[in-house]
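Down below is the structure, laid out as structure tokens.
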Amino acid sequence: MNKPLKLIKIGNSTGIILPKDVLAHLNVEQGDEVSVVKQADGIALKSVDPDFDKQMSAARDVMARYRNALRELAK
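In full-length UniProt numbering, the protein residues as written are 1 to 75.
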């Protein structure tokens, strides 16, 4: 899927209108949130996983709590 998209003015911002097939590929619809992920060769749009932030928060808590043990295991 390689489609050129035109940037358009939306109020004081700039936007891109995504075609229906791109929305379907992302499994999103109007009003949903997407993440913009920086990659080595550009950017990628990804649908937002509502559980991801919760999982990352739990992982950060575990890493902070067991920082010394994780450091020893990494040796």
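Built from N, CA and C at the ideal position, the CB exists for glycine as well.
Membership of Q39 in any alpha helix (DSSP H) is not indicated; the residue belongs instead to the beta strand (DSSP E) covering 34 to 39.
For L73, there is no enclosing beta strand (DSSP E); the enclosing alpha helix (DSSP H) covers residues 67 to 74.
In this structure, the alpha-carbon of G31 lies about 14 Å from that of I16. Taking the CA atoms as reference points, K20 sits about 10 Å from L26. The beta carbon of V37 sits closer than 7 Å to those of I43, A44, K46, all from its chain and outside the five residues before and after it, given in chain order.
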